[in-house]
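Engineer:
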Amino acid sequence: MLRVVSWNINGIRSPLQGLACQEPSSCPTALRRVLDELDADIVCLQETKVTRDVLTEPLAIVEGYNSYFSFSRSRSGYSGVATFCKDSATPVAAEEGLSGVFATLNGDIGCYGNMDEFTQEELRVLDSEGRALLTQHKIRTLEGKEKTLTLINVYCPHADPGKPERLTFKMRFYRLLQMRAEALLAAGSHVIILGDLNTAHRPIDHCDASSLECFEEDPGRKWMDGLLSNPGDEAGPHIGLFMDSYRYLHPKQQRAFTCWSVVSGARHLNYGSRLDYVLGDRALVIDTFQASFLLPEVMGSDHCPVGAVLNVSCVPAKQCPALCTRFLPEFAGTQLKILRFLVPLEQEPVREQQVLQPSHQIQAQRQPRKAFMHSTRLRKSQGGPKRKQKNLMSYFQPSSSLSQTSGVELPTLPLVGPLTTPKTAEEVATATMLEEKNKVPESKDEKGERTAFWKSMLSGPSPMPLCGGHREPCVMRTVKKTGPNFGRQFYMCARPRGPPSDPSSRCNFFLWSRPS
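All letters in the sequence shown, in the order written, are residues 1 to 516 by UniProt numbering.
(1) Can you tell me where the alpha helix (DSSP H) holding W7 begins and where it ends?
(2) Mind listing, in chain order, the continuous alpha helix (DSSP H) runs of no fewer than 4 residues lying wholly within the region 426 to 509?
(3) With a threshold of 7 Å on Cβ separation, who are the neighbours of E57 within its own chain once the five nearest residues in sequence on each side are excluded?
(4) So, with DSSP's three-state summary, where would you put V191?
(5) In the DSSP assignment, the alpha helix (DSSP H) including S245 goes from what residue to what residue?
(6) Please confirm whether D36 has its beta-carbon closer than 7 Å to some beta-carbon of chain C.
(7) Kindly indicate which residue of R3, W7, L2, Q290 has the alpha-carbon position closest to the one of G300.
(8) Under a three-way DSSP split, which group does I204 fall into?
(9) With three or more C-beta pairs closer than 8 Å as the rule, is the region 241 to 260 touching the region 146 to 165?
(10) Answer yes or no: do D276 and V306 have a C-beta to C-beta separation smaller than 7 Å?
(11) Out of D116, V475, C156, A89, which one is the CA nearest neighbour of H137?
(12) Classify W260 as helix, strand or coil using the three-state DSSP reduction.
(13) When you compare the CB positions of C156 and L197, do they come within less than 7 Å of one another, or not?
(14) Who are the near neighbours of S189 in its chain, counting only those whose CB is closer than 6 Å to its CB and skipping five residues on each side?
(15) Output the boundary residues of the alpha helix (DSSP H) element that contains Y174.
(16) Quick check: what's the CA-CA separation for I12 versus S79?
(17) One question on the structure: do C207 and G272 come within less than 7 Å of each other, judged by their Cβ atoms?
(18) Nearest to V92 by CA position, among S462, M224, G280, Y68, is which residue?
(19) Reducing DSSP to helix, strand and coil, say where D87 ends up.
(20) Taking a contact to mean a Cβ-Cβ separation below 7 Å, would you say L2 touches V312 in this structure?
(21) Is T148 helix, strand or coil when you go by DSSP?
(22) Under DSSP, the alpha helix (DSSP H) around L294 begins and ends at which residues?
(23) Starting from H137, follow its DSSP beta bridges and name the residues at the other end.
(24) Among G220, S456, S210, whose alpha-carbon lies nearest the alpha-carbon of R166?
(25) Is the separation between the beta-carbon of residue 519 and that of D39 shorter than 7 Å?
(26) On a CA-only basis, which of L185, A187, D244 is nearest R202? Give me that one, please.
(27) What's the call for M457, buried or exposed, on a 16-neighbour Cβ count within 10 Å?
(28) Buried or exposed: which applies to S403, given that a residue is buried once 16 or more other Cβ atoms fall within 10 Å of its Cβ?
(29) Return yes when the Cβ of L185 is within less than 7 Å of the Cβ of D41, no when it is not.
(30) With distances taken Cα to Cα, identify the nearest neighbour of E469 among I61, D502, P316, K49.
(31) Going straight from the alpha carbon of A132 to that of R124, what length do you get?
(32) With DSSP as the reference, label V315 as helix, strand or coil.
(33) Quick one: what's got a C-beta closer than 7 Å to I61's C-beta in the same chain, skipping five residues either side?
(34) Does the Cβ-Cβ distance between W54 and S70 come in under 7 Å?
(35) Whose CA, out of Q253, S229, N114, Q254, lies closest to the CA of F242?
Pasting the structure below:
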C-alpha cells in the first residue's frame with residue numbers, strides 16, 4: 001500500500017503545537033514526529049513560508065526521509081512547498097516548478113508539452129513564487145507490473161477580490177498546471193495532483209454557497225469542471241482526464257471541509273470550505289485508490305491534512321535525485337571554504353614586480369622603515385619629564401598658584417538670616433492647632449465631586465455591550481480593509497461563525513465603538 005498525505009501547513013516552523021509533540025521547531029526530532037504522526041510514505045506540504053537562506057538543518061534533513069523544497073524567489077516568508085518521501089519511497093527524479101525554467105537537467109522529469117502560448121518571462125514569473133514541486137516514482141501493481149507515477153505537489157494562488165491582476169495570475173497558473181499534468185499523462189506516466197487548489201469546486205464543498213453570487217460562474221470552478229470528470233458522467237459533453245478521489249469514494253458526504261477562518265473561530269462549528277484535494281488520472285483512481293480521507297482532528301494550521309491510499313507498492317530509487325536537500329552545500333556535510341564566498345580579482349602588476357625582485361633588495365627596502373619606526377619610538381620616550389599622578393587630596397586643597405597670580409579676593413557670602421533656635425514640642429502642637437482652626441471646612445458637595453472624578457478615572461474601560469442574539473458580551477474588532485472605515489473599531493458577537501440555522505453560532509449583531 002502507498003499512503004500519500006497533503007497538508008497546507010501555514011508555516012513549517014510553527015505547526016507543531018497541533019500535534020502530539022512539545023518540542024520547538026528547532027529541535028532535531030520535532031519535524032520527524034510531525035511526519036510520523038501523519039503516517040504516510042509521501043508527505044506534501046504547502047505554504048512552508050521559508051526561503052533557502054532561513055532553512056535550517058532540522059527542517060531540511062529528517063532521519064528516514066529524503067526531502068525536496070521549492071522556495072519563493074519573489075518574497076521572503078511567503079508561499080513555498082516541500083515534499084518528504086520515506087527512504088522506502090525515494091523518487092527516481094524530482095523537479096522544481098511547472099515550466100522547466102528552474103530545471104537543472106540533472107535528475108529532472110521533463111515532459112512539458114507545448115507552452116508556446118506562454119512567454120519565457122511569464123513562465124519565470126509563474127514559477128518564481130515556489131508553488132509547485134514534482135517527484136517521480138516507480139510503483140508496482142498487484143499484478144507485478146512496474147509503472148511510473150508523478151506527484152505534483154501544488155499550492156495554487158489565491159485570487160484577492162481587490163486585486164484583479166491576481167485572478168489573472170491564478171488562471172494562468174491553472175492553465176500551466178493542466179498543460180504539464182496532461183503532458184506527463186500523454187508520456188505514459190500516471191499523475192496525481194495534490195495540494196491546496198484554493199477553489200471549492202461544488203456547492204457541497206462550501207459552507208455557504210447559496211449566498212455567493214454566480215457560484216457556478218467562478219473562473220476557478222469552471223477550470224475545475226474542465227479538468228475533472230464526475231463519477232458516472234461518461235456520457236457528458238466533456239470528460240476530464242482527472243478525478244477528485246474524495247468525491248469518487250464519497251460522492252454525497254456533507255460538510256467535508258478542509259479550511260476554516262481562524263479569526264471567526266469557524267472550525268469549532270465546522271463552517272468552512274474544501275480547498276485541498278488529491279486528484280488522480282481516471283485509470284489510476286478507478287483501479288488503485290482504496291481510500292481518500294480528511295484529517296480534521298489534526299490542528300496546527302487553518303487547513304487540515306488530506307490524503308489517499310493506493311493499492312500499489314513503491315519501488316525506491318537507489319540514489320536520491322539532485323534536488324534533494326541533503327545535496328545542498330550547506331547540508332552536504334563538507335566544510336565550506338571562505339574562498340567560495342569571495343570573487344577572484346586580477347593580480348596587480350605592482351605585486352608581480354615585487355615578487356621578481358631579489359631577496360637582498362627587499363631586505364634593503366625594509367631596513368630604512370625599521371630604523372624610522374625605532375627613531376619615532378625613541379622620540380616619544382625621550383620627551384619632557386613625566387607628569388606624576390595626582391593625589392586625591394590635592395583636589396580638596398586650595399591652589400597656592402591661584403592666590404599668587406590672580407590677586408582677586410573672593411567675596412564672602414552673607415548669612416541668609418539670623419540663627420533660630422529649634423521649637424519645643426508644645427510650641428509645634430500649638431501652631432498645628434491654630435492652622436487647623438484657620439482652615440475652611442470642605443463642603444460635602446465638593447468632596448462628592450472629587451470622589452466621583454477619581455472613580456471615573458480609575459474605573460477602567462467601559463464594559464462590552466451585549467449582543468442582540470444571545471445577550472452575551474461582545475468582542476471588539478478593527479477594520480483592516482482599506483477604505484473610509486479603515487482603522488475603525490466595532491463590536492460583534494463573540495461566538496464562532498457557523499450556519500445561520502444553528503442557534504449556537506454567531507448572531508449578526510454589529511455596533512461601531514464610536515460614531516464616525
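C-beta: ideal position from N, C-alpha, C; glycine also.
Structural biologist: Looking at the coordinates:
(1) Looking at the DSSP string, W7 is not in any alpha helix (DSSP H); the run it does join, the beta strand (DSSP E), is 2 to 8.
(2) 444 to 458
(3) F331
(4) strand
(5) 245 to 249
(6) Looking at the structure shown, chain C is missing, and only one protein chain is on hand.
(7) W7
(8) helix
(9) no
(10) yes
(11) A89
(12) coil
(13) yes
(14) T148, T150
(15) 164 to 186
(16) 11 Å
(17) yes
(18) Y68
(19) helix
(20) yes
(21) strand
(22) Counting along the chain, L294 falls outside any alpha helix (DSSP H), though it belongs to the beta strand (DSSP E) covering 289 to 294.
(23) L149
(24) G220
(25) Here the chain covers residues 1 to 516 and nothing more, so residue 519 does not appear.
(26) D244
(27) exposed
(28) Confidence at S403 is low in this model, with a pLDDT of 49, below 50, so its placement is unreliable and the value that follows should be read with caution. The residue in question, S403, is exposed, as its Cβ has fewer than 16 Cβ neighbours within 10 Å.
(29) no
(30) Contrary to the premise, residue 469 reads as Gly rather than Glu in this sequence. Comparing Cα positions, the closest option is D502.
(31) 13 Å
(32) strand
(33) T325, R326, F331
(34) In the sequence under discussion, the amino acid at residue 54 is Val, which differs from the Trp named in the question. Taking 7 Å as the Cβ cut-off, V54 and S70 do not qualify as a contacting pair.
(35) S229
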